[in-house]
Every structure is written in C-alpha cells, then in structure tokens.
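What follows is a single structure, written as structure tokens, with notes after it.
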Amino acid sequence: MEEYKVKSDNRILNAFEIYKNTVFTTDTDLSFWKSFLQTSINNYKANNPTQVGLYEAGFYVYEYSSKHEDGHLKGHKISRLIKTDNLEIDKNDFISWISNLATLKIYNALENFILQAIHIRYFMENKHAVGSKKATDKLNIDIKTYLLNHNLKVDTKNNRHIIQFLRSKSSNVTSFLERKMNIDLATKWGDFFELISILRNVIAHQGTIVSSDTQNEIKSRAKDIFQRHFSLNKDEFGLKRLQPNNEQYASFINYFNSFSLHVVQCIFDEDDLKFLGMN
C-alpha cells in the first residue's frame, strides 16, 4: 500500500477535534454538575434543617373519547415525592442515568472517529466524509465488501466487522488490541471495544436492562473492567439494570480516549500521538 502522508491531511485532525470536543465537554460537564449538586444538597440541608418534602409530582394523561372532542385529565393514585433525607440517593440515581447517557454519547463519538480514520486511510476514493447516516452506511458496506472479497468473516454484532477489518489491514492495530489494558487487568483492548459496544446496545436498545445472556457475555469478555466501573442493581420489578460506579466513571471515560487515539495512531502507522497535537 502506498505510504500515507497524514501530516498533509487535515481531515484526521478535524475528526479528532470533533471527537475531543464531544468527550471533553461531556466529561467536564458531568464532573462539574456532580460536584455542584453535592454542594447544593449540603447547603440546602444546612439552611433548611426542618424541611421534609421538596417536590411532588404525579403521572397524568389526557383521556380522549371518540364521542367528545375534548379530553379529560386522568391521574394515577401514586405520586413521586422527593424528600430531604433521600437527596443523596436521588442524586446518585440521577448521576447514574446521566452517566449511562454519557456512555452512549461518547461511544458514538469514538465509533465515528475510528470510522473517519478508516475512511481517510483506506477508502480515499470515497469522497463522502463520514458524518451522515448515508455516508456511514456506505463505509460499512465497503468494509463488509472488503471482508467478503478476502474470505474473512463478516460479523456485525457489536461492530466486530470494524475490528476484523482493522486487524486485516494493520499489524499495529492487531498488536494493540491484544495488549492488556493495564497491569492489574486481564481484559485486553480488543475486548474493551466489545464491552463498550455491548453497553451501547444495553443503554440504547434495552433501556439499561441487562439480560442473563448479556451478563454472561460481559463476564466472558471483560469481567474485571466491568466490575470495577459498573454494577447490576435489581429494580422494583426484579430486572437487572446497568448502574455506573459514579466514583470510578471518570477513569472509564479515560479508557475510551486511550482506545480511540491509539487505534487511530496505529491506523496511520504513527510512532506517537504528536500528529494529533498531543504533546
């Protein structure tokens, strides 16, 4: 393959800026509001020591009838009451579901960044930059076509076809994916991508509910990294839901950055991350 001159192409720098801004803003916003909420709760409790109920809301819906043009407001008998002595629990629950949404947002940014790199490095003849759904679909078709033409397995579950394509194209990527994430972890970087792809599906398509099959899949791939940053808590219906560890979440985001930047570094055969302005 002809040597690619990444330094002469600003497209990968633009793709990195989009990724960086998304992740950095999401991470800093989450950290700030977590801290600000805690400070606000402490101040409120100190200034309102006798306050019990803070907020109450009910579930309402307008009932429409074919016989009448107007609707009638109907409400459920059970309301939700937020109390002062439950603020810590409610705050943690709020941060947890925001963290789940942040995981989804950051995963999408990571996937788009890597696809941009693949587009620039390996499909230069395709002038449609990744960004729109149409362009992304076209690139995924090109990737799967390449795999088929080279008698390689096309497995789109958890975006495995992307990893398979990169393994076939770059020995540097393959080497990186086989490394352990840390000296105290058994999980390899390739399995980390599998994990975050699973989490993306759990959050986006399963309402954070983790089935037994999904739980077993996580255990077989990335048990240690998952248990360090997440737990599974049963809700009132007995369903297991994904619960981020709020104290460890920032380090989990850092793994997204390490994975994406080093994969892109390997794609372009760079010795370090300076080509992305990381000095």
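Residue numbers (numbering that gives the first Met the number 0): 0 to 278.
The C-beta atom is built at its ideal place from N, Cα and C for all residues, glycine as well.
All values derive from a computational prediction rather than experimental measurement.
Coil, strand or helix - residue i by DSSP
i	result
Arg240	strand
Ser169	coil
Lys152	coil
His77	Before going on, a small fix: residue 77 reads as Ile here, not His. Of the three classes helix, strand and coil, the one that applies to Ile77 here is coil, per DSSP.
Met277	coil
Outcome for residue i when other beta-carbon atoms lying within 10 angstroms are tallied against a minimum of 16
i	result
Asn158	buried
Val201	buried
Ile161	buried
His204	exposed
Ala116	buried
Gly189	buried
His228	buried
Ser7	Annotation note: pLDDT 48 at Ser7 (below 50); position unreliable, coordinate value reported separately. Under this definition Ser7 is an exposed residue.
Thr27	exposed
Ser210	exposed
Val172	buried
Continuous alpha helix (DSSP H) stretch holding residue i: start and end
i	result
Asp69	It is not in any alpha helix (DSSP H) - Asp69 instead sits in the beta strand (DSSP E) that spans His67 to Gly74.
Ser131	Note, Ser131: premise wrong, no alpha helix (DSSP H); not H, not E.
Ile40	Arg10 to Asn46
Asn256	Tyr248 to Ile266
Endpoints, the beta strand (DSSP E) within which residue i is located
i	result
Asn232	Phe229 to Lys233
Per DSSP, the bridge partner or partners of residue i
i	result
Gly52	Lys82
Glu296	Because the chain spans 0 through 278 in this model, residue 296 falls outside it and cannot be assessed.
Lys179	Lys187
Ile217	Answer by DSSP bridge pairing: none, since Ile217 is not bridged.
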